[in-house]
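First comes the structure, then the notes that go with it.
Chains as they are written, first to last, in my numbering: chain A, 2 to 117; chain B, 8 to 117.
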């Protein structure tokens with residue numbers, strides 16, 4: 002597709018369950034970001050992938066959170082043993098990534114996660 | 008201290024006025040600066056970017072950067088009700104990491 006695609010768009014889960022969120026970036030974009038946005042709040046950085054470099058995981062809030070990316074394509078964000086405070090919109094964004102265009106992010110529509 | 012700071016607002020301006028949105032950042036090594044607009048319930052979209060000190064104009068929008076003061080602003084001239092949204096400042100460091108501020112909610116009243 003032409004844009005960043007995220008799935009599912011909505012996920013309702015029970016506390017303690019694991020969830021997996023998926024992101025398909027724009028083809029050719031080497032950089033991929035995951036952010037979390039709680040209701041009425043700004044964007045909280047989670048993890049950043051750039052090409053084949055080691056990802057920057059400095060924003061992951063706990064070891065229950067992990068993410069993978071297959072080459073320069075699909076990424077999955079996994080949250081284990083979900084807690085109610087994990088409820089938020091999880092946004093994925095991709096970017097051409099190289100120096101001149103770094104920062105020009107294209108966002109997906111997000112996954113609204115609700116933990117009951 | 009947060010890396011990128013914005014007043015959360017809401018900033019309320021009348022239609023036709025100039026809206027001034029401000030952002031400060033802590034990392035002196037930051038290289039480029041971005042303004043994103045986010046409508047309620049939607050994802051952020053890029054509206055302006057600036058790399059060099061001074062002003063950059065694009066239609067009704069002007070981005071201003073002062074690296075010495077670690078300050079970046081966005082001016083919206085002739086504000087319209089359709090400009091009502093949250094404006095997010097984002098800063099890119101040398102490692103290509105993009106950090107967002109908390110956003111300023113702008114309300115333009117007819």
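For glycine and all other residues, C-beta sits at the position ideal for the given N, C-alpha and C.
Please list the partners that residue i has in chain B, where partner means a Cβ-to-Cβ separation under 7 Å.
{"i": "residue 111(A)", "result": "50"}
{"i": "residue 1(A)", "result": "Limits of chain A in this structure are 2 at one end and 117 at the other, which puts residue 1(A) out of reach."}
{"i": "residue 57(A)", "result": "104"}
Taking residue i as the reference, give the member of the options with the closest Cα.
{"i": "residue 47(A)", "options": "92(A), 29(A) and 96(A)", "result": "92(A)"}
{"i": "residue 86(A)", "options": "62(A), 70(A), 95(A) and 72(A)", "result": "62(A)"}
{"i": "residue 35(A)", "options": "105(A), 81(A), 60(A) and 73(A)", "result": "60(A)"}
{"i": "residue 101(B)", "options": "10(A), 104(A), 29(A) and 66(A)", "result": "104(A)"}
{"i": "residue 60(B)", "options": "54(B), 48(B) and 75(B)", "result": "75(B)"}
{"i": "residue 16(B)", "options": "117(A), 43(A), 58(A) and 29(A)", "result": "43(A)"}
{"i": "residue 48(B)", "options": "10(A), 70(A), 29(A) and 23(A)", "result": "10(A)"}
{"i": "residue 38(B)", "options": "72(B), 87(B), 45(B) and 18(B)", "result": "72(B)"}
{"i": "residue 29(A)", "options": "79(A), 74(A) and 78(A)", "result": "74(A)"}
{"i": "residue 32(B)", "options": "62(B), 109(B), 87(B) and 77(B)", "result": "77(B)"}
{"i": "residue 16(A)", "options": "106(A), 71(A) and 65(A)", "result": "65(A)"}
{"i": "residue 99(B)", "options": "91(B), 64(B), 86(B) and 40(B)", "result": "40(B)"}
{"i": "residue 72(A)", "options": "79(A), 53(A) and 40(A)", "result": "53(A)"}
{"i": "residue 25(A)", "options": "55(A), 70(A) and 97(A)", "result": "70(A)"}
{"i": "residue 40(A)", "options": "84(B), 34(B) and 109(B)", "result": "109(B)"}
{"i": "residue 36(B)", "options": "113(B), 64(B), 63(B) and 104(B)", "result": "104(B)"}
Taking C-beta to C-beta, are residue i and residue j nearer than 8 Å?
{"i": "residue 76(A)", "j": "residue 68(A)", "result": "yes"}
{"i": "residue 30(B)", "j": "residue 80(B)", "result": "yes"}
{"i": "residue 20(A)", "j": "residue 14(A)", "result": "yes"}
{"i": "residue 111(B)", "j": "residue 11(B)", "result": "no"}
{"i": "residue 51(B)", "j": "residue 108(A)", "result": "yes"}
{"i": "residue 32(A)", "j": "residue 95(A)", "result": "yes"}
{"i": "residue 23(A)", "j": "residue 7(A)", "result": "yes"}
{"i": "residue 116(A)", "j": "residue 81(A)", "result": "no"}
{"i": "residue 43(B)", "j": "residue 57(B)", "result": "no"}
{"i": "residue 19(B)", "j": "residue 82(B)", "result": "no"}
Can you pull the chain A residues whose beta carbon is under 7 Å from the beta carbon of residue i, in chain order?
{"i": "residue 110(B)", "result": "43"}
Just to make sure I have the definition right: I need the residues of chain B whose C-beta is within less than 9 Å of the C-beta of residue i. Which are they?
{"i": "residue 46(A)", "result": "104, 105, 106 and 107"}
{"i": "residue 92(A)", "result": "50 and 51"}
Using the beta-carbon of each residue, which ones in chain B are nearer than 8 Å to residue i?
{"i": "residue 34(A)", "result": "105"}
{"i": "residue 108(A)", "result": "50, 51 and 52"}
Check the Cβ of residue i against every Cβ in chain A and list those closer than 8 Å, keeping chain order.
{"i": "residue 28(B)", "result": "Under the 8 Å cutoff, chain A gives no residues; its nearest Cβ is about 14 Å from residue 28(B)."}
Counting only runs of 3+ residues fully inside the segment 49 to 89 of chain A, write out the beta strand (DSSP E) ranges in chain order. Those beta strand (DSSP E) runs which fall completely within the segment 49 to 89 of chain A and span 3+ residues are 66 to 70 and 76 to 80.
Does the segment 63 to 74 of chain B come close enough to the segment 95 to 108 of chain B to have 3 or more Cβ pairs within less than 8 Å? With the rule of 3 Cβ pairs closer than 8 Å, the segment 63 to 74 of chain B does not count as touching the segment 95 to 108 of chain B.
With three or more beta-carbon pairs closer than 8 Å as the criterion, would you say the segment 20 to 35 of chain B touches the segment 104 to 116 of chain A? Touching, no, given that fewer than three Cβ pairs across the two stretches are closer than 8 Å.
Which runs of the beta strand (DSSP E), 3 residues or longer, sit entirely within the segment 27 to 52 of chain A? The qualifying runs are 32 to 38 and 45 to 51.
In chain order, what are the residue ranges of uninterrupted beta strand (DSSP E) at least 3 long that sit wholly in the segment 41 to 68 of chain B? Taking only runs of at least 3 residues, the beta strand (DSSP E) segments lying wholly in the segment 41 to 68 of chain B are 52 to 57 and 61 to 65.
Write down every uninterrupted run of the beta strand (DSSP E) in the segment 80 to 112 of chain B whose length is 3 residues or greater and which is fully enclosed by it, in chain order. Those beta strand (DSSP E) runs which fall completely within the segment 80 to 112 of chain B and span 3+ residues are 92 to 99 and 105 to 107.
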